[in-house]
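Asker: Its first residue numbered 1, the sequence shown is counted upward by one per residue in UniProt numbering.
First, the structure itself, so that you have it in front of you.
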Amino acid sequence: CIRDRVKTLHPKVHGGILGRRDLDGAVMEQHGIKPIDLVAVNLYPFEATVARPDCDLPTAIENIDIGGPTMVRSAAKNHKDVAIVVNAGDYATVIESLKAGGLTYAQRFDLALKAFEHTSAYDGMIANYLGTIDQTRDTLGTADRGAFPRTFNSQFVKAQEMRYGENPHQSAAFYVEAKKGEASVSTAIQLQGKELSFNNVADTDAALECVKSFLKPACVIVKHANPCGVAVVPEDEGGIRKAYDLAYATDSESAFGGIIAFNRELDGETAKAIVERQFVEVIIAPKISAAAREVVAAKANVRLLECGEWPAERAPGWDFKRVNGGLLVQSRDIGMIKAEDLKIVTRRAPTEQEIHDLIFAWKVAKFVKSNAIVYARNRQTVGVGAGQMSRVNSARIAAIKAEHAGLEVKGAVMASDAFFPFRDGIDNAAKAGITAVIQPGGSMRDNEVIAAADEADIAMVFTGMRHFRH
């Protein structure tokens with residue numbers, strides 16, 4: 001009917017679904033409407049269709065399901081008498097229940113809830129897509145895939161209710177994206193330990209996202225969402241076992257009660273070093289060896305998470321920040337730089353070793369709360385200055401941290417997440433013995449800052465990319 005657009009929108013279909021068995025039986029019989037007790041629907045593949053690069057508006061429109069969602073909603077509304085199945089993962093359970101005599105009301109209610117969640121997500125996808133269409137540019141209405149839709153629709157599923165939120169007087173729950181993405185704290189499997197707290201999840205996310213930045217074996221230790229120790233060590237030089245030692249040495253005091261993340265399988269030897277040396281809240285790695293599990297089992301409260309592998313190329317996506325009465329939405333900060341991207345702005349160019357250390361420090365600085373200063377040497381953090389209102393004060397704190405840890409700043413490199421507005425930051429770096437600096441550049445006083453570096457024979461490179469983190 002109407003070129004296959006109207007198939008299921010019929011009174012006998014919806015009457016059979018919506019008819020109340022205890023009230024509408026006579027009317028249904030009068031009109032020859034037979035009751036429908038089970039509805040299983042697969043909606044048109046709208047999401048897969050619009051994900052194709054060549055998808056235009058007419059194609060997208062033809063993949064908007066009308067009859068399917070209508071049947072789904074009808075069945076969900078009448079869940080007292082009708083079971084609705086929208087998820088293939090529920091087929092086996094439903095079939096077994098039918099064989100055993102039928103679905104309980106609780107089962108039908110749960111299926112109805114899933115159905116409304118399903119149609120809500122489906123409508124949200126359609127609204128998001130149509131909200132990116134610019135009809136003034138293209139009569140076919142090709143979507144601008146980088147555009148922000150007029151309304152923002154995204155579905156999150158409750159994964160866990162928590163004892164409390166950031167503080168004990170706050171209630172909290174952990175919601176994860178309905179559509180699973182790359183390996184993350186949201187997809188990780190907890191192998192042992194106490195229930196994850198609100199702060200555990202936030203800190204573990206910070207640690208894992210930081211360690212993902214490195215291709216070689218790395219360890220990141222985080223406290224209050226800030227890296228307090230990071231190190232990268234090639235496999236033939238000790239791998240994650242040595243990386244943990246170096247990361248811990250950066251700030252052993254702050255590492256107490258911290259979160260530890262690795263980008264390689266956690267082995268028994270490294271696990272043993274951790275549990276014998278410090279109190280740790282969470283350990284997360286792509287894979288946890290049997291030996292490591294056995295070692296950590298002796299510390300029953302330690303939360304041990306296995307997140308799986310992630311691709312070298314990070315997928316684009318959205319970041320959110322809640323404000324009172326609104327939501328800030330931005331693209332994920334997955335921008336990174338390579339040696340060939342660096343712009344040398346001083347008379348002295350950095351050495352090959354300095355370049356390795358500068359890029360390492362830059363990757364760490366990206367995950368430190370602004371204003372962020374990172375001192376590093378031989379791909380180990382020497383001092384981290386985080387979250388200060390003044391960039392100079394962050395540098396001072398990084399130096400204090402290094403001194404407290406017994407680490408030498410002289411000969412290290414420095415990374416700054418944003419430009420230096422004045423030359424004092426470089427002057428202080430020179431006094432501390434810093435040999436090379438990496439920063440975005442872009443200050444009105446860049447020339448003065450460069451001159452300060454030249455006067456101290458400091459090599460400095462600009463990235464052209466800022467990494468504020470609030």
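Even glycine gets a Cβ: it sits at the ideal position worked out from N, Cα and C.
ARG108 to LEU328, Cα distance in whole Å?
Answerer: So the two alpha carbons sit approximately 38 Å from each other.
Asker: Three or more C-beta pairs under 8 Å: does that hold for the segment 5-25 against the segment 72-79?
Answerer: In short, these stretches touch, since the Cβ pair count reaches three.
Asker: Three-state secondary structure (DSSP) at VAL384?
Answerer: It is a strand residue.
Asker: Pick helix, strand or coil for ILE400, following the three-state DSSP scheme.
Answerer: In the structure shown, ILE400 sits in a helix (DSSP, three-state: H, G or I).
Asker: Just curious, the alpha helix (DSSP H) that VAL86 is in, first and last residue?
Answerer: Counting along the chain, VAL86 falls outside any alpha helix (DSSP H), and DSSP gives it neither H nor E.
Asker: Is the segment 162-171 touching the segment 234-251, taking contact as three or more C-beta pairs under 8 Å?
Answerer: No: fewer than three Cβ pairs fall under 8 Å.
Asker: Is it the case that the Cβ atoms of ALA218 and ASN263 are separated by a distance below 9 Å?
Answerer: Against a cut-off of 9 Å, the Cβ pair of ASN263 and ALA218 comes out as a contact.
Asker: Is the Cβ-Cβ distance between GLY385 and GLU408 less than 9 Å?
Answerer: No, the pair does not count as a contact, with Cβ atoms beyond the cut-off.
Asker: With 16 other CB atoms within 10 Å as the buried threshold, where does THR463 fall?
Answerer: Looking at its Cβ environment, which holds 16 or more other Cβ atoms inside 10 Å, THR463 is buried.
Asker: Please list, in chain order, all residues of the same chain as HIS118 whose beta carbon is under 6 Å from its beta carbon, the five residues on each side excluded.
Answerer: Excluding residues within five positions, the ones whose Cβ falls inside 6 Å are VAL86.
Asker: Go ahead and label TRP318 buried or exposed: buried means 16 or more other beta carbons lie within 10 angstroms of its beta carbon, across all protein chains shown.
Answerer: Exposed.
Asker: Out of curiosity, what's the CA-to-CA distance linking residue 479 and ARG332?
Answerer: One cannot answer for residue 479 here, as it falls past the ends of the chain, which runs 1 to 470.
Asker: Is it true that the CB of TYR122 sits closer than 9 Å to the CB of LEU191?
Answerer: Contact flag unset, no.
Asker: May I ask you to report which of helix, strand or coil DSSP gives SER171?
Answerer: Correct three-state label for SER171: coil.
Asker: When the Cα of ILE61 is compared with those of GLY68, PHE46, THR70, which residue comes out closest?
Answerer: Nearest C-alpha to ILE61: PHE46.
Asker: Does DSSP put PHE262 in a helix, a strand or coil?
Answerer: The answer is strand: DSSP assigns PHE262 an E or B state.
Asker: Determine the burial state of GLY258: buried for a count of at least 16 other Cβ atoms within 10 Å of its Cβ, exposed for fewer.
Answerer: Buried is the call here.
Asker: According to the Cβ coordinates, are GLY411 and ARG377 closer than 9 Å?
Answerer: Result yes, Cβ atoms of GLY411 and ARG377 sit closer than 9 Å.
Asker: Let me see if you follow: with CB-CB separation under 9 Å, is VAL296 close to chain B or not?
Answerer: No chain B appears in this structure, which consists of one protein chain only.
Asker: Give me, in chain order, the residues of the same chain whose beta-carbon lies closer than 6 Å to that of ALA456; leave out the 5 immediate sequence neighbours on both sides.
Answerer: So the qualifying residues of the chain are ALA430.
Asker: I'd like the list of long-range same chain contacts for GLY335, defined as Cβ closer than 7 Å, with 5 residues on each side in sequence excluded.
Answerer: Same-chain partners within the cutoff: MET465.
Asker: For THR346 and GLY383, I'd like the C-alpha separation in whole angstroms.
Answerer: Taking the straight line joining both Cα atoms gives about 24 Å.
Asker: If you reduce the DSSP assignment to three classes, tell me which class SER416 lands in.
Answerer: In this structure, SER416 counts as strand in the three-state DSSP scheme.
Asker: Quick one: using the 10 Å Cβ neighbour count with 16 as the cut-off for buried, is ILE400 buried or exposed?
Answerer: Exposed.
Asker: Tell me, please, which residues DSSP counts as bridged to CYS219.
Answerer: Answer by DSSP bridge pairing, in chain order: ALA231, PHE262.
Asker: Please name the residue or residues paired with TYR375 in a DSSP beta bridge.
Answerer: In DSSP, TYR375 forms a bridge with GLY383, MET414.
Asker: Per DSSP, TRP362 is paired with what?
Answerer: DSSP output for TRP362 lists no bridge partner at all.
Asker: Can you list, in chain order, the stretches of the beta strand (DSSP E) that have 3 or more residues and sit fully within the segment 180-213?
Answerer: Taking only runs of at least 3 residues, the beta strand (DSSP E) segments lying wholly in the segment 180-213 are 189-192.
Asker: Using the three-state DSSP reduction, which class does LYS99 fall into: helix, strand or coil?
Answerer: LYS99: helix per DSSP, three-state reduction.
Asker: What does DSSP give as the partner residue(s) for ARG303 in the beta ladder?
Answerer: Note: ARG303 sits in a beta bridge opposite VAL282.
Asker: Quick check on this structure: which residue in ALA100, VAL94, LYS7, GLU294 has the alpha carbon closest to the alpha carbon of THR70?
Answerer: Closest by alpha carbon: LYS7.
Asker: Less than 9 Å between the beta carbons of LYS363 and ARG469, yes or no?
Answerer: The answer is no: Cβ separation not under 9 Å.
Asker: Hey, how far is the Cα of PHE116 from the Cα of ARG73?
Answerer: Those two C-alpha atoms are separated by around 7 Å.
Asker: Under the three-state reduction of DSSP, which class applies to VAL295: helix, strand or coil?
Answerer: VAL295 falls in the helix class under three-state DSSP.
Asker: Looking only at its chain, what residues have a beta carbon closer than 8 Å to the beta carbon of GLU448, apart from the 5 residues adjacent to it on each side?
Answerer: Excluding residues within five positions, the ones whose Cβ falls inside 8 Å are PHE422, ARG423.
Asker: Using CA coordinates, which residue listed in SER416, PRO350, GLU352 is at the minimum distance from ALA372?
Answerer: Among SER416, PRO350, GLU352, the Cα nearest to that of ALA372 is on SER416.
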